[in-house]
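**Q**
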Amino acid sequence: MLPTLDSSKGIRGYYEGRYRDKNEADIVVELRQHVWKRNGIVVWGGLGTVFDSLEGITSRRLLPSYGVDFGIGKHSTAIALGMNETF
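Positions 3 to 89 (this note's numbering) are the ones given, in order, by the sequence shown.
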């Protein structure tokens, strides 16, 4: 039941449960661009970490995430495709 760093919570490119600790923090910035008809592309970048206490946050423990519809993380990758309908 510990917090994890994974794509279901916003940061793409990491498998669920791979990074787990008492606390989790992340930030993701993305650009969505319409391309043609109902199709678009997303470019993003982000950083996240899991930590026991605030003193545990170090630059070595920051995990980057970036991509273009394909997530690349530290020691892992993931395809990020979405099909959504807005009402």
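Built from N, CA and C at the ideal position, the CB exists for glycine as well. For clarity, every value in this text was computed on a predicted model and none was experimentally measured.
Looking at C-alpha atoms only, which residue of Y16, V44 and L7 is the closest neighbour of D28?
**A** For the purposes of this step, residue 28 is taken as the residue at position 26 of the sequence shown. Of the candidates Y16, V44 and L7, the one whose C-alpha sits nearest the C-alpha of D28 is L7.
**Q** Classify V70: buried if its beta carbon has 16 or more other beta carbons within 10 angstroms, exposed otherwise.
**A** Here residue 70 refers to the residue found at position 68 when the sequence shown is read from its first residue. Exposed, by the Cβ-count rule.
**Q** Leaving out five residues on either side along the sequence, give the residues of the same chain with a beta carbon under 7 Å from the beta carbon of L4.
**A** Here residue 4 corresponds to residue number 2 of the sequence shown, with the count starting at 1. R22, D23 and K24, listed in sequence order.
**Q** Report the rounded CA-to-CA distance for Y68 versus I43, giving the unit in angstroms.
**A** Looking up residue 68 in the sequence shown gives position 66. Looking up residue 43 in the sequence shown gives position 41. The straight-line gap from Cα to Cα measures roughly 14 Å.
**Q** Is the beta carbon of G48 sitting closer than 8 Å to the one on V37?
**A** Numbered from its first residue, the sequence shown carries residue 48 at position 46. Numbered from its first residue, the sequence shown carries residue 37 at position 35. No, Cβ-Cβ distance for G48 and V37 is not below 8 Å.
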